[in-house]
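What follows is one structure encoded as structure tokens, with my remarks underneath.
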């Protein structure tokens, strides 16, 4: 996998390390990024399920009213 080098504010990284309970800046930032991605995938899954249900309701034949 390709690697990317970035610069971050040291205070920000230390806070992430403390919150994540990780001793390595690299591991802490990687954990945050992986968590962010996982949350995005979970949100997509919930949205897809909801949209699929709405499409199924819309696809059902409507009874005539009146």
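Residue numbers (UniProt numbering): 1 to 66.
The C-beta atom is built at its ideal place from N, Cα and C for all residues, glycine as well.
| said: Using a 10 Å radius around the Cβ and a threshold of 16 neighbouring Cβ atoms, would you call residue 17 buried or exposed? | reply: Sequence index remark: in the chain shown, residue 17 carries index 17 (1-based). Burial call: buried.
| request: Quick one: grab the DSSP three-state call for residue 1. | output: Walking along the chain shown from the start, residue 1 turns up at place 1. Coil, per DSSP.
| query | Grouping DSSP H, G and I as helix and E and B as strand, with all else coil, what is residue 8? | reply | Position 8 of the chain shown, counted from the start, is the residue given in the question as residue 8. Coil.
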